[in-house]
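Protein chains in written order, with this note's numbering: chain S, 500 to 611; chain A, 500 to 611; chain F, 500 to 611; chain Z, 500 to 611.
Protein chains: 4
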Amino acid sequence: MNDIQLLIDELQKFRDARNWKQFHNTKDLALAVSIEAAELNELFLWKTIEESEQVDKNKLKEELADVFAVALLLAGKHGFDVKEIVLEKIKKNGEKYPVEKAKGTAKKYNEL
Amino acid sequence: MNDIQLLIDELQKFRDARNWKQFHNTKDLALAVSIEAAELNELFLWKTIEESEQVDKNKLKEELADVFAVALLLAGKHGFDVKEIVLEKIKKNGEKYPVEKAKGTAKKYNEL
Amino acid sequence: MNDIQLLIDELQKFRDARNWKQFHNTKDLALAVSIEAAELNELFLWKTIEESEQVDKNKLKEELADVFAVALLLAGKHGFDVKEIVLEKIKKNGEKYPVEKAKGTAKKYNEL
Amino acid sequence: MNDIQLLIDELQKFRDARNWKQFHNTKDLALAVSIEAAELNELFLWKTIEESEQVDKNKLKEELADVFAVALLLAGKHGFDVKEIVLEKIKKNGEKYPVEKAKGTAKKYNEL
């Protein structure tokens, strides 16, 4: 089995052991992604870019893992193939950000 | 190669073709996770839980893929093994939310 | 003095007593708004709309006050007149969402 | 009338003219605060702290006004006195961050 499916299986096993599927509707799972993302960002609040690179790696791993966990539960709920949807998005972003226009600039696609 | 590493490789190839590594510091990648998470949530704003389940699947795939993309770039930057950090977090959450206490309740661990 | 300026003055007094102005750059203040907003949202995670209306009012007051506090510090830093910028935005939104088109629908302006 | 109440009145007039009260439940208003906060943050993504200070002031005004607008609608829905809740939070934060401990440090209260 691939790594992503293995993680989704483990997360669903964890969820089902606690009878939490009833709470995991699409809207709240998306909200959970945002809340976990904010906890990740809190590690860097009031820190310079340089200080942020010195973040405690264990804390970073934990907060990032939480983001992956809820995002994987959302993908799993809808039966999405994460590899496929990310590869498709890379392809689509390649059209929005063609190399010749996007190289070396952080501008948004609608400003290129 | 496993799926997760394949995705990180593709995302880094995309990034490097555009010379974007210079912008991808840890703090801004974390911020990008939050911004993509908010775009995901916008799909459900002012929608009931039932309406949210009827979300356009293509839009959901795209917004969720964006969250995965930036989270994977952040994991890749730090050389994290996503499978490992998520499995570790599941284990840790199992201690915070023991089955006998957490079963069937959406309470936070500090309220159990 | 009007209420908004009074609050900005009090918040800046608080900040300056702690010598925190050095941390309050525009980017981090904006990030703080997002983080406080996520804490506000956490009150409603896994809760239905009906359950959310029964939220503990004191917690809601505190989390919402935190959002206002950082948003006011950001406005104060740039010398914005909050009354003026909100009234201007209402006017602008009136053009994006004309009554005859927007009445009774939660659609975004670009879908009207 | 004070500035804050005037803004809440204008926002509610705008809302009612469009028959939007039906969508403005507490949970979705909180979600809207987060989404508007993310749009505010997007102005600074991939930008240094110095570049962020050079942000387009009109864009900053608009995004910040959107945050205030939804936060004020949420406060108005619950009949909160914004001046009072912010002053109370300042007082409470003064206890969490006593001057002698918090001066010149960006540490969280639980790390002081």
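All residues carry an ideal CB built from backbone N, CA and C; glycine is no exception.
Model, not experiment: these values are computed from the prediction.
Residues of chain B with a CB under 8 Å from the CB of Tyr608 (chain F): which are they? Protein chains S, A, F and Z are contained in the structure displayed, whereas chain B is not.
Straight-line CA distance for Leu506 (chain Z) to Ala568 (chain S)? Roughly 40 Å between the two C-alpha positions.
Where Gly575 (chain S) falls, given that 16 or more other Cβ within 10 Å makes a residue buried: Per the 10 Å Cβ criterion, buried.
Nearest chain S C-beta to Arg517 (chain A) closer than 7 Å, yes or no? yes
Chain Z within 7 Å of Leu611 (chain F), Cβ atoms only: Answer no: the Cβ-Cβ gap between Leu611 (chain F) and chain Z never drops below 7 Å.
From which residue to which residue does the alpha helix (DSSP H) around Asp527 (chain Z) run? Thr525 to Glu541
Measure how close the beta-carbons of Asn540 (chain S) and Ser533 (chain F) come, nearest whole angstrom, since I'm counting them as under 8 Å. 7 Å
For Tyr608 (chain A), name the three-state secondary structure that DSSP assigns. helix
Output the distance between the C-alpha atoms of Asp502 (chain Z) and Phe579 (chain Z), rounded to the nearest integer angstrom. 14 Å
Inspect the CB distances between the stretch 520-535 of chain A and the stretch 511-520 of chain Z and report whether three or more fall short of 8 Å. no
Does any residue of chain S bring its CB to less than 7 Å from the CB of Ile507 (chain A)? Output row for Ile507 (chain A): interface = no.
So does the stretch 601-609 of chain F actually touch the stretch 585-593 of chain Z, counting three or more Cβ pairs closer than 8 Å? no
Looking at Phe543 (chain S): is its Cβ nearer than 7 Å to the Cβ of Ala564 (chain A)? no
Beta-carbon neighbours of Leu530 (chain Z), restricted to chain S and to distances below 8 Å: Leu530
Do you know offhand how far Leu572 (chain F)'s Cα is from Asn609 (chain S)'s? 31 Å
For Leu615 (chain A) and Val554 (chain Z), what's the separation of their Cα atoms in angstroms? Outside the displayed range of chain A (500 to 611) lies residue 615 (chain A), so it cannot be described from this structure.
At the level of alpha carbons, what is the spacing between Glu535 (chain Z) and Asp527 (chain F)? Distance between the alpha carbons of Glu535 (chain Z) and Asp527 (chain F) is about 16 Å.
Can you give me the C-alpha to C-alpha distance between Lys582 (chain S) and Ala537 (chain Z), rounded to a whole angstrom? 26 Å
For Val566 (chain Z), count neighbouring Cβ atoms within 10 angstroms of its own Cβ and tell me buried if that reaches 16, exposed if not. buried
So Lys556 (chain Z) and His577 (chain F) are supposed to be a Cβ contact under 8 Å. How far apart are they, rounded? 7 Å
Check Phe513 (chain S) in the structure and name its three-state DSSP category. Reduced to three states, the DSSP call for Phe513 (chain S) is helix.
Using DSSP with H/G/I as helix, E/B as strand and the rest coil, what is Val554 (chain A)? coil
Partner residues on chain A for Thr525 (chain F), Cβ-Cβ distance less than 8 Å: Within 8 Å Cβ-Cβ: nothing; Thr525 (chain F) doesn't reach chain A, min ~13 Å.
For chain Z, is any of its Cβ atoms less than 7 Å away from the one on Ala605 (chain S)? Yes, Ala605 (chain S) lies at the interface with chain Z (some Cβ there is under 7 Å from its Cβ).
Is the Cβ of Ile503 (chain A) closer than 7 Å to any Cβ of chain Z? no
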